[in-house]
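The structure appears right after this line, and notes come after that.
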Amino acid sequence: MLWGYDGWFWAAALLGALSFLVCAVQAVRGRRPDDWTQGSVLVLEAFLLVHAVGTVVMHVRGPGPTGSALEHWGYLLTALLVPAGTFVWSLVERSSWSNWVLAAAGPVVAIMVYRMNFIWYYQ
């Protein structure tokens, strides 16, 4: 752990920031959602799926969260819905505003993983 945060948090922070930057730059440029913006959100979703598998492994092999396991899983399931929902939004609404919706997924995922990290180790 680096400064009290595990690798899951740092990966989420990095991927969330990169996804936000890609989507925000395309939104400022007035572009419609494309492979780069939608792909960055799909990478976030793939990361969260890997995180879910890692969470199951951590539950089975080691001590569970110090806080509420139900709360932790609630955050994880909600975090899984955010990138998926923004991706579907960008398929339905093909304007440049959809890139702003896609951009919101990055910081939201990073904050949700931060909260899951806090529930797992410190609550």
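Positions 124 to 246 (my numbering) are the ones given, in order, by the sequence shown.
C-beta atoms are modelled at their ideal positions from N, C-alpha and C, and glycine is treated no differently.
Rounded distance between the beta-carbons of residue j and residue i, thought under 8 Å
i: histidine 182; j: isoleucine 242; result: That belief does not hold up - the Cβ atoms of histidine 182 and isoleucine 242 are roughly 13 Å apart, past 8 Å.
i: alanine 202; j: valine 232; result: 6 Å
i: valine 92; j: serine 191; result: In the structure as shown, the chain starts at 124 and stops at 246, and residue 92 therefore has no counterpart that could be examined.
i: alanine 147; j: alanine 226; result: 5 Å
Secondary structure of residue i, DSSP reduced to three states
i: tyrosine 244; result: helix
Cβ-based burial, residue i [other Cβ within 10 Å; buried from 16]
i: tyrosine 198; result: buried
i: glutamine 246; result: exposed
i: valine 211; result: exposed
i: valine 179; result: exposed
i: threonine 189; result: exposed
i: valine 151; result: exposed
i: arginine 184; result: exposed
i: arginine 217; result: exposed
i: glycine 229; result: buried
i: leucine 137; result: exposed
i: valine 145; result: buried
i: valine 215; result: exposed
Under 8 Å between C-beta atoms of residue i and residue j
i: tryptophan 131; j: glycine 187; result: no
i: glycine 248; j: leucine 172; result: Coverage of the chain is limited to positions 124 through 246, which leaves residue 248 absent and any answer about it impossible.
i: glutamine 161; j: serine 213; result: yes
i: alanine 135; j: valine 236; result: yes
i: asparagine 222; j: proline 156; result: yes
Near the ligand NAD: residue i beta-carbon under 7 Å from a heavy atom
i: glycine 162; result: Here there are no bound small molecules, and the ligand NAD is not part of this structure.
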